[in-house]
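Below is one structure, written out as structure tokens, with a few remarks after it.
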Amino acid sequence: MADPAPLRVTVVGCAPAYTLRPGRPSSCYLVEAEGTAILLDLGQGSFSALGPFIDPATLDAVFVSHLHPDHHADLVPLRHYLRYACDPPATVALHAPAELRSRYDALLGEPGFLDGLPGSDVSPGVTQVGALAVDARPVTHATQSHAFRVTRVDGAGPGLVYSGDCGRADDLLPIVRPTDTLLCEASWGSSEAPAEGGALHLTAAQAADVAKRTGAARLILTHVLDERDPDGALAQAQRLFDGPVALAEPGMILEVD
């Protein structure tokens with residue numbers, strides 16, 4: 208029997224809520240396998256960065272991890288593109304937190320703005336999209352925040368685990384399997400998490416600890432704040448986790464196999 212085709216993961220954007228470095232869109236990850244293509248998040252600046260990798264009209268689905276706009280703001284240009292640039296108008300499934308649609312209605316003053324993106328509310332459990340299965344698990348961050356594990360629908364081969372934004376490392380332990388690729392936020396970089404504000408994000412050390420404890424095949428750090436020393440975060444994670452470690456960069460392509 209032939210080996211299963213790998214998941215192809217493209218980092219479209221990996222910046223946190225803000226950056227002054229040009230060419231760095233916010234969170235957006237393209238996952239493809241056997242003719243199925245989905246996005247995990249679609250933060251600001253990421254829609255225009257999709258062009259070299261895929262025609263957005265050919266996407267099968269967009270999954271939004273939580274309600275903060277750096278993870279979904281470019282649903283606006285996506286909706287306009289599908290409505291006005293495609294003849295006939297195209298549609299892409301949107302799987303997002305329950306409140307997202309009503310928030311766009313209120314913000315834009317256009318009821319039903321996202322109606323052209325049919326889909327479901329993200330909740331714990333598995334959603335099948337073509338050749339892919341997306342397992343959503345709640346994590347501590349903001350209301351209705353989820354991490355995603357993406358695998359082939361037949362369960363063959365390792366998966367990609369995307370942490371979304373997560374403030375408690377232990378929340379990720381049940382979803383990461385040995386040999387998975389862990390794409391994990393490390394907003395606080397090589398420093399300690401601030402004492403104020405509660406459990407909002409992870410450090411590089413916490414991300415590395417999750418990878419080590421779960422037996423992940425490799426660790427990709429993402430969503431690192433510019434002022435929190437991304438290079439230092441990488442070095443710290445490499446000291447703590449024996450497997451391959453890298454910083455997510457726009458245009459990075461990974462094969463999960």
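Residue numbers for the sequence shown follow our numbering, beginning at 208 and rising by one. Beta carbons are placed, not taken as given, at the ideal position from N, Cα and C, and that holds for glycine.
Given GLU306 as reference, the closest of GLY319, PRO295, ALA297, GLY396 once Cα atoms are compared: Position 99 of the sequence shown, counted from the start, is the residue given in the question as residue 306. Comparing Cα positions, the closest option is GLY319.
ALA311: first and last residue of the uninterrupted alpha helix (DSSP H) it sits in: Looking up residue 311 in the sequence shown gives position 104. A quick correction: the sequence has Tyr, not Ala, at residue 311. TYR311 -> alpha helix (DSSP H) spans 307 to 315.
Beta-carbon proximity check, LEU214 vs VAL417, cutoff 8 Å: Locating residue 214 in the sequence shown gives position 7, counting from the first residue. Locating residue 417 in the sequence shown gives position 210, counting from the first residue. No. Outside cutoff.
Beta-carbon separation (whole angstroms), PRO331 vs ARG344, contact threshold 8 Å: For the purposes of this step, residue 331 is identified with residue 124 of the sequence shown, where counting begins at 1. For the purposes of this step, residue 344 is identified with residue 137 of the sequence shown, where counting begins at 1. At roughly 6 Å, the Cβ-Cβ gap stays under 8 Å, so PRO331 and ARG344 are in contact.
LEU274 to ASP372 span [Cα, whole Å]: Residue mapping note: residue 274 aligns to position 67 of the sequence shown, counting from 1. Residue mapping note: residue 372 aligns to position 165 of the sequence shown, counting from 1. Between LEU274 and ASP372, the C-alpha separation is close to 10 Å.
Element boundaries [beta strand (DSSP E), containing THR217]: Sequence index remark: in the sequence shown, residue 217 carries index 10 (1-based). Where THR217 is concerned, the enclosing beta strand (DSSP E) stretches over 214 to 220.
Rounded distance between the beta-carbons of THR386 and PRO365, thought under 8 Å: Locating residue 365 in the sequence shown gives position 158, where the first residue counts as 1. Locating residue 386 in the sequence shown gives position 179, where the first residue counts as 1. Yes, they are in contact, since the Cβ atoms of PRO365 and THR386 sit about 4 Å apart, within 8 Å.
Expected contact under 8 Å - CB spacing of HIS430 and SER394 to nearest Å: Counting from 1 along the sequence shown, the entry for residue 430 is found at position 223. Counting from 1 along the sequence shown, the entry for residue 394 is found at position 187. Rounded, the Cβ-Cβ distance is 5 Å, consistent with contact.
Whole-angstrom distance between LEU447 and PRO304, CA atom to CA atom: Taking the first residue of the sequence shown as position 1, residue 304 is located at position 97. Taking the first residue of the sequence shown as position 1, residue 447 is located at position 240. Those two C-alpha atoms are separated by around 34 Å.
Those residues which DSSP pairs with VAL269 across a bridge: Along the sequence shown, one-based indexing puts residue 269 at 62. LEU246, LEU301, per the DSSP bridge assignment.
Strand pairing of ILE427, partner residues [DSSP]: The residue you call residue 427 lines up with position 220 of the sequence shown. Partner(s): LEU390, ALA453.
Cβ shell of THR265 (< 7 Å), same chain only, five flanking positions each side left out: Position 58 of the sequence shown, counting from 1, holds the residue named residue 265. Closer than 7 Å at the Cβ level, and outside the excluded window around THR265, lie ALA244.
Closest by C-alpha distance to ASP449, when choosing among ALA415, VAL341, ILE261: Numbered from 1 along the sequence shown, position 242 holds the residue referred to as residue 449. Closest option to ASP449, Cα to Cα, is ALA415.
Proximity winner among VAL368, ARG384, PRO381, relative to GLU392 (alpha-carbon distances): Taking the first residue of the sequence shown as 1, we reach residue 392 at position 185. Ranking VAL368, ARG384, PRO381 by Cα distance to GLU392 puts VAL368 first.
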